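Take any residue in the sequence shown, note its place counting from 1, add 362, and you have its number in my numbering.
Glycine is no exception: its CB is placed at the ideal position from the N, C-alpha and C atoms.
Bear in mind the structure is a predicted one, so any value in this text is a computation, not a measurement.
The structure appears right after this line, and notes come after that.
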Amino acid sequence: MRLTGEEIYGEPLNRPEALQILKYAIKSGINFLDTADYYGEDVTNRLIAEALHPYTDDLVICTKIGGARKPDKSWIPHNKPEQLRLSIDRNLSTLKKDQIQLVHFRKMGGDMDSFKLSMDTMFQLQKEGKIIHVGVSNVNEAELAVALSMGDIASVENMYGHVQRSTLKLPHAEFKGGTGVLEMCEKNEIPFIPYYSLFVSIPKKDERIAEIARKYNTTEAQINIAWLLHRSPWILPIPGTSSLLHFEENIKAAEIDLTEADMNFLN
């Protein structure tokens, strides 16, 4: 969800519009919302509860735990067992839910042993009934294999888009991908949820997306969403938005029927 302030932190610039977007999304048939208590902090969860509670029966709210924000807006791990439990309880309280349908453990640093400990906590929370389905986020192929060996993984949320199909290393963070993890998901019939797909996938020098956008009289962002939908039946795009106009554009992207020639050209 892109309903917070800048850098996914603080209150939205236009709170009434943020609430309106959420209500309009549900009326438009959207039944999957991706959030986290470290969006804001906790801003997105509060907006969801204010706009949509009590929830419709078919609405799936997916959240993430494993990270936190510092006052300087930097991201830090929050993945110890007691921290994960605190995060789940905070999500449940703010969202006004007894259970959360899907929770991704977001890996932020740490070795494989710490990852296993975190995943063990996730499955314990599932046994306790606080989580219905367990997923993972920001994992590589080896980490996904370990998670699968420990229990059922309902979905994977990694950075992925038309341009960014591999791990992206930045000075402050590492965003894991991409094609290899998607292929593992396809093999195991696990939904793959690409985040930041628009943020990293609108190239400034590559004219391929722009050319296809001109062909269909759409925006480049819409073509990126359409590419994701055509890339694999296991991909569930979650493009963020902060305006009703962009939300409507995102929805219309599902109507774009890219041809095999289009996909070959884009690939």
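Inset, instruction - Using beta-carbon positions only, say whether residue 600 and residue 396 come within less than 7 Å of one another. - result: Yes. Within cutoff.
Legend entry - Simplified DSSP assignment, three categories, for residue 518: In this structure, DSSP gives residue 518 an extended state, which the three-state scheme calls strand.
Legend entry - 4 or more residues per run - each alpha helix (DSSP H) lying fully within the segment 377 to 462: Runs of the alpha helix (DSSP H) lying entirely within the segment 377 to 462 and spanning at least 4 residues, in chain order: 377 to 389, 405 to 414, 443 to 457.
Inset, instruction - Find out if the Cβ-Cβ distance for the pair residue 584, residue 615 is shorter than 7 Å. - result: Annotated as proximal: residue 584 and residue 615, with beta-carbon spacing under 7 Å.
Legend entry - Boundaries (first-last residue) of the alpha helix (DSSP H) holding residue 613: In the DSSP assignment, residue 613 falls within the alpha helix (DSSP H) that extends over 606 to 614.
Legend entry - Residues sharing a beta bridge with residue 464, DSSP: BP columns for residue 464 point to 424, 495.
Legend entry - Segment contact, 8 Å Cβ cut-off, at least three pairs: the segment 537 to 557 with the segment 604 to 615: In short, these stretches do not touch, since the Cβ pair count stays below three.
Inset, instruction - Check whether the Cβ atoms of residue 411 and residue 384 sit closer than 7 Å, and answer yes or no. - result: Using a Cβ distance threshold of 7 Å, residue 411 and residue 384 do not count as a contacting pair.
Inset, instruction - Measure from the alpha carbon of residue 550 to the alpha carbon of each residue in 507, 521, 592, 371, then state which is nearest. - result: Relative to residue 550, the option among 507, 521, 592, 371 whose CA is nearest is 507.
Inset, instruction - Keeping to the same chain, check which residues put their C-beta closer than 8 Å to that of residue 372; ignore five residues upstream and five downstream. - result: Counting only Cβ-Cβ distances below 8 Å, and skipping sequence neighbours, we find 366, 402, 405.
Inset, instruction - Could you pull out every residue in the same chain whose Cβ sits closer than 6 Å to the Cβ of residue 571, ignoring the five residues on either side in sequence? - result: Result list for residue 571: 582, 585, in chain order.
Legend entry - For residue 374: DSSP bridge partner residues: Answer is none; residue 374 lacks a bridge partner.
Legend entry - Residue nearest to residue 443 in terms of C-alpha spacing, selected from 455, 516, 545, 427: Measuring from the Cα of residue 443, the nearest candidate turns out to be 427.
Inset, instruction - With a cut-off of 8 Å on the beta carbons, I'd call residue 496 and residue 543 a contact; round off their distance for me. - result: About 16 Å; that fails the 8 Å criterion.
Inset, instruction - Would you kindly check if the distance between the Cβ of residue 439 and the Cβ of residue 338 is under 7 Å? - result: Since the first residue of the chain shown is 363 and the last is 629, residue 338 is not available in this structure.
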